[in-house]
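**Q** Protein chains in written order, with our numbering: chain U, 132 to 426; chain G, 852 to 1108; chain L, 47 to 420; chain E, 85 to 528.
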Amino acid sequence: MAEDTTSEEYWRWTESNWHDSDVDWKEGDIISAGVDVGSVSSQAVIMVDGKLYAYSNMRTGSDSPKSAENAMDWALEGTGMTVDDILYVVGTGYGRVNVPFAKRAITEIACHARGANFMYGPTIRTVLDMGGQDCKAIRVDQKGKVVSFLMNDKCAAGTGRGMEVFADLLGVHITEVGDMSLQVEEEPPMVSSTCVVFAKSEASALLREGWPKEKVLAAYCLAMAHRVVGLLERLGIEEDFAITGGIAKNIGIVSRIEQELGIKALKPSLDTQIAGAVGGALFARALLQKERKKK
Amino acid sequence: MITTGVDVGARNVKVVIQEDGKVRGKALVLAGLDTEAAIEEALDAAFKDAGLARDEIEKTFATGAGRKEVAGADDSYTEVGADAAGAIHLYPDARTVIDVGAEEGRAIRVDERGKVVDFAINERCAAGAGAFTEAMARALELPLEELGPLSLTSTKAIPMNAQCAVFAESEVVSLIHAKTEKRDIARAVHDAMATRITSMARRVGVVPEVALIGGVARNPGFVDSLQRDLELEVLIPEDPEYVSALGAALLAAGIGK
Amino acid sequence: MIEMFQEWYENRHEYAKDWKDKTGGKVLGYFCTYIPEEICLAADILPVRILGSHEPQDVTEPHIFAMYCPFCRDCLAQGLEGKFDYLDGIMIAQSCLHIRQAYTSWDLHVPVDWSYYLPMPNHVQSPRAVPYMVGELKAFKEAIEKWTGKEITDDDLMRGIDIMNRNRQLMKQVYELRKREEPPLNGLESMYMVVSSQMIDKEEHSRVVEGTLKELDNRTLGQPVGTRLMVLGSENDDHEFIDMVESCGSTFVIDDHCTGTRYFWDEVSPDGDPLTAIANRYVNRVPCPSKDWPVRTRVPHILSLAEDWDASGAVILQQKFCDPHELDIPAIKNALEEQGLTTLFLELDVTVPVGQFKTRVEAFLEILQEDDLF
Amino acid sequence: MADKTKYKTAPLKTWQRAKEIRANYYRNYGTAHEKGGLRWGGGAWSFDAIPAGLGDDVYPITSEPYGATIAFQREFSDQCLEAAEREGYARDLCAYMRNYWGSILLDKYGWVEPGEERKPFPKPDFVWQDHICCSHAKWYQVVSDLEGGLPTYCVDVSVGPYEHLSENGMEYVVGQMHDGIEWLEQTTGRKYDDAKLIEAVYNTCRSTSTWAQICALNQTIPAPLEEKTMYSLYVLGTLQKSSKDVADFYDELLAEVQERVDNQIAAVEYEQARVMTDTQPPWGFLRVFRYLENVYGCVSVGSLYTFSLIGNWIWDDEGRFVPRPTPQSQGIEIKDRDQALHVLAEWELSKPEWQHFYHPKYKSDMMIQIAKDWKLDGVVLHYNRGCEGLSLGIAENRLAILEAGFPVLIFEGNMGDEREFDEARTMARMDSFMESLDIPKLEQ
């Protein structure tokens, strides 16, 4: 173990932030925010009157309050806004209870459902959130309210972390994994083990057998897709269907999920990783409006 | 008699050159994707280390999951056989050998002649192998080599129920969110792993002396947890990750057969 | 007074040892709630249910293959670790295969001077079940007499029946109170009540339940009731889990567990031959899924509990690998959902990964709670 | 290795006949209605002699061998298993059961006639099952759920170990059988024929006793049979032990195996080591056996499973583990229904493969005796995630066998769910085991 080294970190996906410089937030009435501290990534989303104003997307550190602050600070960067200008913040994700400036914590399941409703429209009925360490299939109504959900159990195969470990092993950058996995003449047989640890040795074995990287990736993406399709089928799928979370960016898996389901996923207009934070920001706005009514 | 043992493991290729039971040279190379190349590289390094030329070698035995890939090996032994031969050579009184490598844990019972009488291999579960601590170290944002020493400073035992390495990671994350001290989490990680290894070892029966070999033996946190579970002190050689390769070399020389 | 139950639960071993010192009687460890405690009580034996301790352990791997439920392995671990060293005997009544292994491995590796396997019929829906069980109870009674060297008269049996029935009636009265809009006790407290009655001298336990009943009359929970939930499935005495759920804005108001209603729901109707009366009770009690065939009687029973106790959601718990429950859950889940209850399915292990489960539980409650978010 | 003894080998003459019987069986079940006959479903352990009293045109399909038949077809099996999972049935349930349910859900028959399309699953008219493991009765409860209701009768046989079999236990089982016959008459509207029942009971005892005698011949060195072949032969008993065809076939087979013994005809050319296995094998990977034979000259001579899932044995007065002599050979003549049911119940309740349900010690004793009498070098146990019934107590069996001085290898897998079997790692274990037994590789 001691001798084990990982030279380059191929898994490290690019962090990002954005804000709408055409909007003057001071004009806005309700400024709300959602902060999603996940096990792998954290996002902050700021909304002005229910419209997306700014967001950030970065890696979660081992100290979640800090991760929440970093995400928020980075989202605020260049906006001239400070946390105090935000009237209501909802925390979500694994670290939801540790978001310092949050008034309320709501699960990522509810937030992803609500966020998907905003990002993909009210016709969304099934959301698949492929997060860092778990995978959730969610049925929602036209308001974006959760009707039922299932989470993957026992095994983390088919999660973002799984894909990261794999990218590392093959020395392929995480953002290229998907495209590369599609550069095969025909689909190879699935890898039998999707366990992130044993998939490693299995993949190494295949590479030693002379399989090209893209073929190995195809086999792994296929296996991951197959697993989450099983989850979706247990829940029961209704269109429209959308995928959120980091893996939604992996065309190699998305296309294979669509293939096996025989259903197309709606194309995202925004960074799929921010869905949870978007939902949080929307809930924050609703909660603030309710508070005001009470007064 | 000068012989070579080549251990092609899941992660690394290890080579040991021995003469009349004494280690003359050794080398370890990351297996990577081109195993043949790694084997060659490791052999060269070992010969350099031993100050010997290849033609001075009388026999080469291979072992490890990739043993079939060692071109020009005179014969091969399984990891179980090589572990036993190597460990017994170092510790003649050992009756139980526990080998914890990067991706697999093994427990082996040997008789006084060093013959394997029973063995157990952990079923496909990372929680019983080094890969587990790697994942946990990453979740804790600690260099792997700090994980062990840190856990030694912990005084609090927290039960961790996780078989899957990655789910254990999310449990670690929730412990972090619950403001648990890193050192206590580190201990929980090693305790979980030790429980798993001990369970497996009890299958073959834990008879002293117990030798602990494999790379994970270098992790003092794990060793501490394991000794607590086994309620005994384990013997750990200087170069725990080379024992299997040494065993193969000895078997090539007809020692410990 | 209600705290007494938790105290007993946490100090079960000390209690049993004290009981032995006080009474000089025999303590019998049992593995399944199908054992006829009436007959044990008739012989002045203290029956103590063997349950796990919810701690990670590394001693059962050589004895039970890992595909069997964590509960049976946890139970066996207690024996191998000597935590029940005060037992004079052990017994099991035939039910599922999993717990049977805990019994047989205990029988092989943990010395006790008396061990008994009671072949309780599985085809309880057959008219042949009662006569068969009467025969087996006769044999069991004789075995006990041989062990204790004391004859068991019909009056003794009637006494055993009365003690058991009284305890059952009292606990049922407590459960009645949980129907209230403001239940005077939560799921954790009632779990402690029922599980402790499986370990404590029944008469002593009944006295405390009686006292508790008075106490509960005008008691309310410290916190809002929140969502009214039912919990059902395999053996469950995971207080950490129950507590976690009830701390997320919900209260368990009813259950179907062998550590809950299944244990005490039915009484013995004491008329005619006592052994026949006892056999009738165990054959016709609310069944464990391993005995609920060919007709699924559990489904209507669970639905009526959910309705009478006005639960709006149900947490379906299952010991990992528990085949009998896995064979019932799809049918039960569908039936509950048709009746308009939302369900959450979770698998129990020796300890549960609270982090992951909390998210599921909160999301489940978010669905149920008439919410302010929309 | 020049010094290796090379034995004569020869293919089984009766092999073709075995294949025919199996094919007819699945064909008859599938086409029963076309012949105005009836179909019933039930376990390989059910008292199939009892529905035989309804007439000769009443065809069973026993679910365990059917599930195994599906498991052989790995791709189809995966579809079946996933179909069952989609319905919410847990992945760790009996793999035969999940294969069976899957073939109902997909409405595809696990038996495909050579050169024909796969047909829809032929729904049984009624279910005749018995209950010994938790899943037995529940299995068909779910089948009934999936088929929208099926008349089901299930006999509970869990009345304790044979050595303590009481009058009370016998009456419980026989009583259910009597009720079952009434139920069969009501359900099918047919008149019940006791003569046919009696005939079927005789056949049951004959086929199960004869199969045991065949297995006993495998004590010979070299072994006339290896386990992979035995699987294809014992299966006939699991299909219909009460049928005349099967009983007659086993008589034929016994004669041939005796002939192989007399002429030193071996199953494995270079037999140099002998092991037994237990429980059911991973059906999709029987090449594990070939690997042991071809690489190490190691023959699996059978298992308590192959010997006695169907075969019936007893401990005789000298304490030997021997084929159980049939009642007819003991001069017992069955005169009426009640006697037939008593003979059948008593016979089946002595089945060795049922004893471990009450305590592993019974199975350990038998396995150790086999290890001695069949002259074994070691034991290979399949920790079978697919069957909680036969894996019951296997860890204790392992400890007992080790205690008795026989080396044991265990490997985890699943008889009917290939996703839980790791071929490469299993072969690696076999290598380690053979190495530890000092069994040299044969020169290729």
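Note that CB positions come from ideal geometry on N, CA and C, so glycine has one too.
#1: Would you mind sorting D506 of chain E into buried or exposed? The rule is 16 or more other CB atoms within 10 Å of its CB.
#2: Using only the alpha-carbon positions, how far apart do G477 of chain E and F111 of chain L sit?
#3: Under the assumption that E56 of chain E contacts S384 of chain E (Cβ atoms under 8 Å), give the Cβ distance between them as a whole number of angstroms.
#4: Helix, strand or coil for D461 of chain E? Go by DSSP, reduced to three states.
#5: Is I413 of chain L close to chain U, meaning its C-beta is less than 7 Å from at least one C-beta of that chain?
#6: Decide if the stretch 397-412 of chain U is in contact with the stretch 248-256 of chain U; the criterion is three or more beta carbon pairs, one per stretch, under 8 Å apart.
#7: What does the alpha-carbon distance come out to for the pair T307 of chain L and D301 of chain L?
#8: If we define contact as Cβ-Cβ less than 7 Å, is G1107 of chain G a contact residue for chain C?
#9: Can you name the start and end residues of the alpha helix (DSSP H) that V296 of chain U belongs to?
#10: By how many angstroms is the C-alpha of T313 of chain E removed from the C-alpha of D209 of chain E?
#11: From which residue to which residue does the alpha helix (DSSP H) around L363 of chain U run?
#12: Under 7 Å, do T153 of chain E and G194 of chain E count as touching if we go by C-beta distance?
#13: Please state the DSSP three-state secondary structure of Q404 of chain U.
#14: By how many angstroms is the C-alpha of I161 of chain U removed from the C-alpha of D180 of chain U?
#15: Determine the DSSP secondary structure at S138 of chain U, reduced to helix, strand or coil.
#16: What does V277 of chain U reach in chain L if we use C-beta pairs closer than 8 Å?
#17: Where K419 of chain E and D400 of chain E are concerned, what is the direct C-alpha to C-alpha distance, given to the nearest angstrom?
#18: Check the DSSP bridge columns for F495 of chain E and list the partner residues they point to.
#19: Considering W397 of chain E, what are the terminal residues of the alpha helix (DSSP H) in which it resides?
#20: Go ahead and pull the three-state DSSP assignment for Q174 of chain U.
#21: Run through the DSSP bridge pairs and tell me what S161 of chain E is partnered with.
#22: Using a Cβ-Cβ cut-off of less than 8 Å, list which residues of the stretch 357-368 of chain U approach chain E; keep chain order.
#23: Determine the direct distance from the alpha carbon of M261 of chain E to that of S172 of chain L, and round the result to whole angstroms.
#24: Going along chain L in order, which residues have a C-beta closer than 7 Å to the C-beta of R1053 of chain G?
#25: Would you mind sorting K325 of chain E into buried or exposed? The rule is 16 or more other CB atoms within 10 Å of its CB.
#26: Is N264 of chain L buried or exposed, if buried means 16 or more other CB atoms sit within 10 Å of its CB?
#27: Going straight from the alpha carbon of R292 of chain U to that of V171 of chain U, what length do you get?
#28: On the premise that Y375 of chain E lies in contact with I523 of chain E, defined as a C-beta separation below 8 Å, what is that separation, rounded to the nearest angstrom?
#29: Specify whether the stretch 408-419 of chain L and the stretch 161-175 of chain E touch according to this definition: at least 3 beta carbon pairs, one from each stretch, less than 8 Å apart.
#30: Would you mind listing the beta strand (DSSP E) stretches within the stretch 220-276 of chain U that are 3+ residues and don't spill past its ends, in chain order?
#31: So, helix, strand or coil for I856 of chain G, using DSSP?
#32: When the cut-off is 7 Å and only beta carbons count, does T238 of chain U lie next to chain L?
#33: Give every residue of the same chain whose Cβ lies closer than 8 Å to the Cβ of L521 of chain E, excluding the five residues on either side of it in the sequence, and list them in chain order.
#34: Can you find the residues in the same chain that come closer than 6 Å, C-beta to C-beta, to V421 of chain L, ignoring five residues on each side of it along the sequence?
#35: I want to verify the contact list: residues of chain E whose CB lies under 7 Å from the CB of D369 of chain L, in sequence order.
#36: If Y435 of chain U sits next to V1024 of chain G, beta carbons under 8 Å apart, how far is it from one beta carbon to the other, in whole angstroms?
**A** The structure says:
#1: The sequence position of residue 506 of chain E within the fourth sequence is 422, counting from 1. Result: buried.
#2: Translated into the one-based positions of the fourth sequence, residue 477 of chain E becomes position 393. Translated into the one-based positions of the third sequence, residue 111 of chain L becomes position 65. Whole-angstrom Cα-Cα distance: 8 Å.
#3: This structure cannot speak to residue 56 of chain E, because chain E is shown only from 85 to 528.
#4: The residue given as residue 461 of chain E occupies position 377 in the fourth sequence. Here D461 of chain E sits in coil by DSSP.
#5: Within the third sequence, residue 413 of chain L is the residue found at index 367, counting from 1. Interface residue, yes.
#6: yes
#7: Here the question's residue 307 of chain L lines up with position 261 in the third sequence. Here the question's residue 301 of chain L lines up with position 255 in the third sequence. Their backbone Cα atoms lie some 6 Å apart in a straight line.
#8: Among the chains of the structure shown, chain C does not appear; the protein chains present are U, G, L and E.
#9: Sequence index remark: in the first sequence, residue 296 of chain U carries index 165 (1-based). Per DSSP, V296 of chain U belongs to the alpha helix (DSSP H) from 291-301.
#10: One-based indexing of the fourth sequence puts residue 209 of chain E at position 125. One-based indexing of the fourth sequence puts residue 313 of chain E at position 229. Straight-line Cα distance between these residues: approximately 33 Å.
#11: Within the first sequence, residue 363 of chain U is the residue found at index 232, counting from 1. First-last of the alpha helix (DSSP H) with L363 of chain U: 344-366.
#12: Stepping through the fourth sequence from its first residue, residue 153 of chain E is reached at position 69. Stepping through the fourth sequence from its first residue, residue 194 of chain E is reached at position 110. Taking 7 Å as the Cβ cut-off, T153 of chain E and G194 of chain E qualify as a contacting pair.
#13: Your numbering for residue 404 of chain U matches position 273 in the first sequence. Correct three-state label for Q404 of chain U: helix.
#14: Counting from 1 along the first sequence, the entry for residue 180 of chain U is found at position 49. Counting from 1 along the first sequence, the entry for residue 161 of chain U is found at position 30. Taking the straight line from one Cα to the other gives about 5 Å.
#15: Working through the first sequence from its first residue, we reach residue 138 of chain U at position 7. Model confidence at S138 of chain U stands at a pLDDT of 46, short of 50, so the residue's coordinates are unreliable and nothing is read from them.
#16: Position 146 of the first sequence, counting from 1, holds the residue named residue 277 of chain U. The contacting residues are A409, E412, I413.
#17: Here residue 419 of chain E is taken as the residue at index 335 of the fourth sequence, counted from 1. Here residue 400 of chain E is taken as the residue at index 316 of the fourth sequence, counted from 1. Answer to the nearest angstrom: the Cα atoms are 27 Å apart.
#18: Here residue 495 of chain E refers to the residue found at position 411 when the fourth sequence is read from its first residue. Answer by DSSP bridge pairing, in chain order: E:H466.
#19: In the fourth sequence, counting from the first residue as 1, residue 397 of chain E sits at position 313. Careful: W397 of chain E lies outside any alpha helix (DSSP H), inside the beta strand (DSSP E) at 397-399.
#20: Along the first sequence, read from residue 1 onward, the residue named residue 174 of chain U stands at position 43. In the structure shown, Q174 of chain U sits in a strand (DSSP, three-state: E or B).
#21: Locating residue 161 of chain E in the fourth sequence gives position 77, counting from the first residue. DSSP links S161 of chain E through a beta bridge to no other residue.
#22: Per Cβ criterion, the list reads G361, E364, R365.
#23: For the purposes of this step, residue 172 of chain L is identified with residue 126 of the third sequence, where counting begins at 1. For the purposes of this step, residue 261 of chain E is identified with residue 177 of the fourth sequence, where counting begins at 1. Those two C-alpha atoms are separated by around 11 Å.
#24: The sequence position of residue 1053 of chain G within the second sequence is 202, counting from 1. Here the neighbours are D104, V105, E107, P108.
#25: Position 241 of the fourth sequence holds residue 325 of chain E. K325 of chain E is buried by the Cβ-count criterion.
#26: For the purposes of this step, residue 264 of chain L is taken as residue 218 along the third sequence, with counting starting at 1. It is exposed - the Cβ of N264 of chain L has fewer than 16 other Cβ atoms within 10 Å.
#27: Position 161 of the first sequence, counted from the first residue, corresponds to residue 292 of chain U. Position 40 of the first sequence, counted from the first residue, corresponds to residue 171 of chain U. About 8 Å.
#28: The count along the fourth sequence starts at 1 and reaches residue 523 of chain E at position 439. The count along the fourth sequence starts at 1 and reaches residue 375 of chain E at position 291. Going by Cβ atoms, the distance from I523 of chain E to Y375 of chain E rounds to 13 Å, so no, they are not a contact pair.
#29: no
#30: 257-261, 266-271
#31: Here residue 856 of chain G corresponds to residue number 5 of the second sequence, with the count starting at 1. Reading off the sequence shown, one finds Gly at residue 856 of chain G, where the question assumed Ile. Strand.
#32: By 1-based counting over the first sequence, the position of residue 238 of chain U is 107. Yes, its Cβ sits closer than 7 Å to a Cβ of chain L.
#33: Reading the fourth sequence from its first residue, position 437 is the one you call residue 521 of chain E. Closer than 8 Å at Cβ, skipping near neighbours: A357, D461, G462, P491.
#34: The shown model of chain L, from 47 to 420, leaves out residue 421 of chain L, and the question about it has no answer.
#35: As a first step, residue 369 of chain L is located in the third sequence; it is residue number 323 there, counting from the start. Going along chain E in sequence order, the residues near D369 of chain L (Cβ under 7 Å) are L177, C218, S219, E472.
#36: Any answer about residue 435 of chain U is impossible in this case: the structure gives chain U only from 132 up to 426.
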